[in-house]
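Counted the way numbering that gives the first Met the number 0 counts, the sequence shown spans residues 0 to 486.
Think of the CB as a built atom: it goes at the ideal place given N, C-alpha and C, for glycine as much as any other residue.
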Amino acid sequence: MNERKKRPFLKLLAFCAILALSLSSCGRGCVIGGERLIKQAKSLIAEGKTEEADKVINELLKKDPRNSDALVVKAEIMLKRGKTKKALESYMELKKKGIKDDSFLDEVAKRSIIEFLTGNNIDLKLIAIESVERMKDASAVEILKKVRSTYGEDYEVRNAAAEVLEKTGEKLSEDELNKMLLDKNDEWNRMYALKKLSTAKGKSFAESIKKALGDEDIDVKVTACDLIGEINIGDLADSLRKLLNNKDEDDEVRLHAAASLMKTGDKGGKDLLMKSLKDNDTDIKSMACELLGASKVMQAVPDILKILDNEDEFVRLEAVKALGILEDRTVAKQLVPSLDDDDFDVRTEAASSLKKMGFEGLEDELISRAKDQNFEMRSSVAWSLAELKGARVEETLKTLLNDDEPDVRAGAVYSWGKVKGKDGAPELLKMLKDSDKSVVSATAKALSDFASKDMIDQMLETIEKYFKDDETRLYLLNDIEIALHNK
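Below you can see the structure in the form of structure tokens.
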């Protein structure tokens with residue numbers, strides 16, 4: 000090697016030697032300093048000083064960002080401070096290093112779900128509420144109590160919160176219900192109290208129900224009408240007839256009064272319900288279908304069949320549902336054209352109703368539509384095949400799992416999980432890598448019933464892709480929490 004080339008090379012060797020020496024001595028110092036800072040942070044956490052602990056651990060991570068012990072403490076701090084996204088980020092870093100803790104992951108998932116209980120997104124809030132029963136978390140239960148009592152909160156949300164609270168043993172006392180019944184400012188309180196007190200007291204609560212028939216709120220009146228039929232309070236039949244015959248009364252109240260009259264043994268309400276099937280108002284038609292189906296009025300079948308082609312999709316949907324409830328097998332073939340309806344819900348409900356009727360040709364009808372050029376048709380087929388089993392169904396679903404349209408793939412994933420169960424895991428794990436988040440969410444949901452540790456790890460890896468997407472992240476964390484719970 001000539002002298003001009005030799006000198007730079009020797010300088011490089013000298014630099015590397017000095018760097019190696021400095022790193023080794025720094026390593027010993029960093030370890031000692033790191034242990035001290037970790038011990039200090041843990042002590043602060045024990046004292047409840049999580050903000051100070053966070054500063055200490057951040058100081059260490061600046062010097063040594065890959066320190067696994069520091070990342071563990073960081074994750075714990077973030078969780079205690081209610082910063083679940085940060086806690087999840089820290090856990091994901093640990094997982095990459097091979098450090099796993101199912102109990103900590105479960106806690107991160109629970110805390111993340113609980114955060115959505117106080118959010119504004121109703122769909123996400125409903126998912127979170129449903130999860131509280133499974134999680135049995137005291138802080139979540141307290142939040143649900145507030146949700147249940149919040150005037151102006153969505154009815155569906157309050158109903159869901161109340162239902163979960165009952166299942167967790169958080170029932171309201173009779174005194175509390177009586178106060179709610181007299182709450183003039185909150186109609187949901189009156190409705191809820193009416194239902195619960197009538198269930199507990201039965202016919203002895205008749206006077207309070209009768210009084211509620213005169214409530215200023217339509218929903219409270221409807222609730223009172225329904226309760227008379229459910230408890231079968233024949234003594235209040237006259238009160239129902241008054242509502243039924245009062246043409247100035249709201250149509251919804253009159254129809255519910257008619258349905259309850261039939262349940263008390265009085266056939267007077269049937270005529271109004273049957274007549275309402277021919278009403279020009281689509282809302283009245285829909286309600287009449289629903290109530291005639293629920294009341295098992297078989298005489299209504301011919302008239303319900305006539306409105307299967309109504310221009311309003313909600314009327315058609317209620318007609319299809321009613322036929323499924325009534326289960327008149329002799330008219331099954333007349334329901335088959337509804338499998339080609341323009342509306343997705345009508346098509347899938349038609350398949351469900353045909354299944355209830357025991358229609359033997361359902362498999363052929365659905366599979367013949369699985370190759371339809373219209374992806375919406377293929378999508379409804381994909382979702383509806385969950386009702387069936389067999390080799391042909393599985394073969395069709397395998398094809399639909401590879402469809403170009405995400406709506407079709409999502410439906411196929413759902414049905415594949417229902418049809419195959421744990422045996423379908425290999426195909427489902429492939430679908431976790433799908434490019435569409437709705438397909439990924441449907442896949443995680445299907446896996447949650449039987450996921451192994453390895454499957455849970457793969458579900459967790461998927462979260463990284465959707466970390467900034469609150470909705471998808473919640474769906475995935477919720478399914479991971481279900482899987483951990485089922486394990």
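Query, Result
"M356 in three-state terms, based on DSSP", "coil"
"Where S378 falls, given that 16 or more other Cβ within 10 Å makes a residue buried", "buried"
"DSSP three-state assignment for R110, whether helix, strand or coil", "helix"
"Beta-carbon gap between L60 and A52 smaller than 9 Å", "no"
"Distance between beta carbons of K209 and S172, contact taken as under 8 Å", "Rounded, the Cβ-Cβ distance is 24 Å, inconsistent with contact."
"Coil, strand or helix - T263 by DSSP", "coil"
"Assigned secondary structure, L176 (DSSP; H/G/I helix, E/B strand, else coil)", "helix"
"Residue from S67, R110 and P64 with nearest C-alpha to K82", "R110"
"Of the residues A441, R147 and D453, the one placed nearest L473, counting alpha carbons only", "A441"
"Residue nearest to S148 in terms of C-alpha spacing, selected from V72, S203, D218 and D182", "D182"
"Touching by the beta-carbon criterion (3+ pairs, under 8 Å), the segment 130–141 and the segment 91–102", "no"
"DSSP state of Q372 mapped onto helix, strand, coil", "coil"
"C-alpha distance - D54 paired with R65, whole-angstrom precision", "Checking the sequence shown, residue 54 turns out to be Lys, not Asp. So the two alpha carbons sit approximately 17 Å from each other."
"For D249 and I283, believed in contact at Cβ under 8 Å, the rounded distance", "With a Cβ gap of about 11 Å, I283 and D249 do not count as contacting."
"R189 burial status per 10 Å Cβ neighbour count (16 or more: buried)", "buried"
"Host alpha helix (DSSP H) of T398 (start-end)", "A390 to L399"
"Secondary structure of T167, DSSP reduced to three states", "coil"
"Proximity to I324 [Cα-Cα], best of E46, E289 and L396", "E289"
"Classification of K262 by the beta-carbon crowding that lies within 10 angstroms, buried from 16 upward", "buried"
"Candidates D153, A211, V163 and E155, of which the one nearest M179 by Cα", "A211"
"Length of the line joining the Cα atoms of V163 and N309", "38 Å"
"Member of G32, K432 and G268 whose CA lies at the smallest distance from the CA of R240", "G268"
"Secondary structure, beta strand (DSSP E): runs of 3+ residues fully inside the segment 397–481", "none"
"For L384 and S352, believed in contact at Cβ under 8 Å, the rounded distance", "At roughly 15 Å, the Cβ-Cβ gap does not stay under 8 Å, so S352 and L384 are not in contact."
"Cβ distance (whole Å) where L193 is taken to contact L226 below 8 Å", "7 Å"
"Own chain, CB closer than 7 Å to W187, minus 5 neighbours either side, in chain order", "Y154 and R157"
"CB of A161 within 9 Å of CB of V107, strictly", "no"
"Backbone secondary structure at V219 - three-state DSSP", "helix"
"Proximity below 9 Å, CB of L399 to CB of E364", "no"
"Span of the alpha helix (DSSP H), counted from its first residue to its last, around A385", "Premise fails: A385 is in no alpha helix (DSSP H) and is neither H nor E."
"Cα-Cα separation between V296 and E463, rounded to whole angstroms", "53 Å"
"Residue environment, A139, which counts as buried when at least 16 other CB atoms sit within 10 Å", "buried"
"Q372 classed as buried or exposed, judged by whether at least 16 other C-beta atoms fall within 10 angstroms", "exposed"
"Nearest-angstrom beta carbon gap, A287 and L272 [assumed within contact, 8 Å]", "5 Å"
"Reference K266; option with closest CA among E375, G233 and D435", "G233"
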